[in-house]
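Here the structure comes first, spelled out in structure tokens, and everything after it is commentary.
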DNA sequence: GACGGTTGTAATATATCACATTACAGCTAA
DNA sequence: TTAGCTGTAATGTGATATATTACAACCGTC
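Protein chains in written order, with our numbering: chain A, 436 to 587; chain B, 436 to 587.
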């Protein structure tokens, strides 16, 4: 089991929108090329980011813009925006029909649920601690290191 | 996306093995009845718990036994035993073909990977903090509360 | 105002995976 | 030897992630 790639795609999209904002026409096809997926996937993810108030787009004209500062967007915001984990169901899928006639069966939910929620929250808190400013900065840094290595 | 129910089934199994150890013949059919799944699923999960050194079984004769003390088994041990998350791949599925000709594309992995690993580890650490002794105790407690409520 | 380029989204296809189910050989205790 | 159980393979089925095609709605520009 894995959390779908729409999450890392979302991070990639926002990073690229900022990174290329003054250089290229950052449309869905350009992004799809950088990410390595179909343009429709990019548009779908951008739609979800738009609904979450993170980016802004316009039909017809090309290019998305961020509506928040990079340091106000966390990994968690993107994770949430693209629906990485269903809010109702949670990260852990509980077996659905424990037997109510069995003392263990009818209490296991009660006993486990909060601990599972806590584990999920611990992961989500970690995601909150990184902002897209961190990601973009680290990306620029990595690119700089590349050109330094070339010179040697 | 969700972590499969084999994890909560595993917890249920160990809890029931301990809870009923002096009362019933705890075979795969009995467990399947308590959990509400097919007996083969139970046997599969028990197989994985056995490979992880948590339970011990015998062909022919019925009933599994724990090979560790309850307070030496954590939720994480079960999570790991049943392969809730693939060790190679990790919890987060990264899009697989970021473009190496794009500065963002060829660096996004480097920049994101450690942060994703950290988030996953935070969740797993939480799972480590609960032992099956906690779960069984809370279950007995819950059962006691039931009979108290009846008397009122 | 017609046109090229773009977005938003529906519809469909495909592969993978979780779980269910059947079947049966191997084993143990009585 | 028999009854009952386990271990596991094989197969079915539904759900889901991602890819892809198609097209209407829309914008800036000539």
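Just so it is clear, CB atoms sit at the ideal spot from N, CA and C, and this is done for glycine as well.
Could you work out which residue in the options is closest to residue i when comparing CA atoms only?
i, options, result
"residue 574 of chain A", "B/573, B/440, B/553 and B/542", "B/542"
"residue 486 of chain B", "B/453, B/538 and B/518", "B/518"
"residue 490 of chain A", "A/551, A/547, A/580 and A/449", "A/449"
"residue 497 of chain A", "A/447, A/437, A/465 and A/531", "A/465"
"residue 480 of chain B", "B/463, B/468 and B/469", "B/463"
"residue 447 of chain B", "A/531, A/553 and A/572", "A/531"
"residue 554 of chain B", "A/445, A/572 and A/514", "A/514"
"residue 473 of chain B", "A/584, A/576, A/533 and A/494", "A/533"
In angstroms, rounded to a whole number, what distance separates the CA positions of residue i and residue j?
i, j, result
"residue 460 of chain A", "residue 570 of chain A", "21 Å"
"residue 628 of chain A", "residue 560 of chain B", "Because chain A is modelled from 436 through 587, residue 628 of chain A falls outside the range shown and cannot be assessed."
"residue 578 of chain B", "residue 510 of chain A", "41 Å"
"residue 558 of chain A", "residue 556 of chain B", "8 Å"
"residue 508 of chain A", "residue 537 of chain B", "23 Å"
"residue 499 of chain B", "residue 492 of chain B", "5 Å"
"residue 454 of chain B", "residue 567 of chain B", "11 Å"
"residue 522 of chain B", "residue 551 of chain A", "20 Å"
"residue 471 of chain A", "residue 516 of chain A", "21 Å"
"residue 527 of chain A", "residue 544 of chain B", "26 Å"
"residue 478 of chain A", "residue 469 of chain A", "14 Å"
"residue 457 of chain B", "residue 482 of chain A", "57 Å"
"residue 572 of chain B", "residue 580 of chain B", "12 Å"
"residue 547 of chain A", "residue 546 of chain B", "35 Å"
"residue 475 of chain B", "residue 475 of chain A", "41 Å"
"residue 584 of chain B", "residue 494 of chain B", "42 Å"
Counting C-beta neighbours from all protein chains within 10 Å, is the total for residue i 16 or more, i.e. buried, or is it exposed?
i, result
"residue 512 of chain A", "buried"
"residue 504 of chain A", "exposed"
"residue 506 of chain A", "exposed"
"residue 535 of chain A", "exposed"
"residue 488 of chain A", "exposed"
"residue 441 of chain B", "buried"
"residue 520 of chain A", "buried"
Any C-beta of chain A sitting closer than 9 Å to the C-beta of residue i?
i, result
"residue 519 of chain B", "yes"
"residue 486 of chain B", "no"
"residue 469 of chain B", "yes"
"residue 542 of chain B", "yes"
"residue 522 of chain B", "no"
"residue 538 of chain B", "yes"
"residue 462 of chain B", "no"
"residue 506 of chain B", "no"
"residue 496 of chain B", "no"
Does the beta carbon of residue i come closer than 9 Å to any beta carbon on chain B?
i, result
"residue 574 of chain A", "yes"
"residue 457 of chain A", "no"
"residue 500 of chain A", "no"
"residue 584 of chain A", "no"
"residue 392 of chain A", "A query on residue 392 of chain A cannot be resolved here, the shown segment of chain A reaching from 436 to 587 and no further."
"residue 554 of chain A", "yes"
"residue 489 of chain A", "no"
For residue i and residue j, which I take to be in contact (beta-carbon distance under 8 Å), what is that distance rounded to the nearest angstrom?
i, j, result
"residue 529 of chain B", "residue 443 of chain A", "5 Å"
"residue 436 of chain B", "residue 439 of chain A", "6 Å"
"residue 539 of chain B", "residue 467 of chain A", "Rounded, the Cβ-Cβ distance is 13 Å, inconsistent with contact."
"residue 445 of chain A", "residue 501 of chain A", "That belief does not hold up - the Cβ atoms of residue 445 of chain A and residue 501 of chain A are roughly 12 Å apart, past 8 Å."
Closer than 8 Å: is that where the CB of residue i sits relative to any heavy atom of the ligand ADP?
i, result
"residue 580 of chain A", "Summarising the ligand content, the structure contains no ligands, and the ligand ADP is consequently not present."
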